[in-house]
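Working notes, structure below.
Numbering (the UniProt record's numbering), first residue to last: 1 to 255.
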């Protein structure tokens, strides 16, 4: 077992740079593995912007109060089961936690500045945990692949990407793939109960039109609140329009 203090000393000898002056420190795959995030050792790394402790044997996230400059924290491939001390990580922009044993996201809502969260290959199995990510206003890049919730969703015939995107419509990248306008449209349609059969994707050209009002069918007030009418939704709404001939044709087909 390696202590973090000892690993930092060895890193200094290897890199020829003092940890207290470094902006990027990589201690990933350390041998023997690091087992504890020593808060005292971390408190001296005030200039560090990116810290990698992936592929070790860390079971708890230690406090990082003294790391005022830290923006990227990588703890993938450890033995974490939950998120600890998130109140000391409010400046983080990126958090990498893939390949752990995390089964809940309690405390994640404190990371208001977080833009990137990698949580693939963990043990999330409840949509309630995914819903906690709604409280992260800046989150645009998310990875959740290979969690039990994905398997459950697919086995029930759901569209995994749409189910996540409809809850988090501000995402730009999900599971490593750019979110498309079509996916945003289908996510909004799903929130609005304007859904086609599960095996069929809805596209803007097949938007439901009300025969009585010649207008797009509105969402219920509660669904509109849930959707927040964010920029992504507004972009899609502006892109959905019909010529008079197309509108009449859609009305005729829906009667």
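Using N, Cα and C, we set each Cβ at its ideal position, and we do this for glycine too.
Sequence-distant Cβ neighbours of residue 96 in its own chain, meaning closer than 6 Å and more than five residues away, are 74, 76, 118.
Judged by DSSP in its simplified three-state form, residue 4 adopts helix.
Along the length of the segment 31-68, whole alpha helix (DSSP H) runs at least 4 residues long occupy 39-42, reported in chain order. A contact between stretches requires three or more CB pairs, one per stretch, nearer than 8 Å, and the segment 10-17 fails this requirement with the segment 40-55. Boundaries of the alpha helix (DSSP H) around residue 149: 148-155. Distance check between residue 177 and each of 125, 152, 145, 127 places 145 closest, using alpha-carbon atoms only. In this structure, the straight-line span from the alpha carbon of residue 124 to that of residue 56 is close to 21 Å. Between residue 20 and residue 44, the C-beta spacing is below 8 Å.
Ranking 39, 150, 40, 58 by CA distance to the CA of residue 30 puts 58 first. In the structure shown, residue 186 falls within a helical segment according to DSSP collapsed to helix, strand and coil. In this structure, residue 100 places its C-beta atom within 8 Å of the C-beta atom of residue 79. Take the alpha-carbon of residue 35 and the one of residue 3: they are about 7 Å apart. Assignment of beta-bridge partners to residue 26 by DSSP yields 52. The residue among 138, 89, 98 with its C-alpha nearest the C-alpha of residue 68 is 89. With a cutoff of 8 Å on beta-carbon distance, residue 186 and residue 162 are scored as near each other. Annotation for residue 150: 144, 160 place their beta carbon closer than 8 Å to its own, counting only its chain and skipping 5 residues before and after. Per DSSP, reduced to three states, the secondary structure at residue 141 is strand. Within the same chain, Cβ atoms closer than 6 Å to the Cβ of residue 61 are found at 84, 85, the five residues on either side in sequence being excluded. When DSSP states are grouped into helix, strand and coil, residue 116 belongs to the strand group. In the same chain as residue 110, and ignoring 5 residues on each side of it, the C-beta atoms closer than 8 Å to its own belong to 86, 87, 89, 90, in chain order. In this structure, DSSP gives residue 73 an extended state, which the three-state scheme calls strand. In this structure residue 113 is in contact with residue 92, their Cβ atoms being roughly 6 Å apart against a cut-off of 8 Å. Assignment of residue 177 by DSSP, reduced to helix, strand and coil, places it in the strand class.
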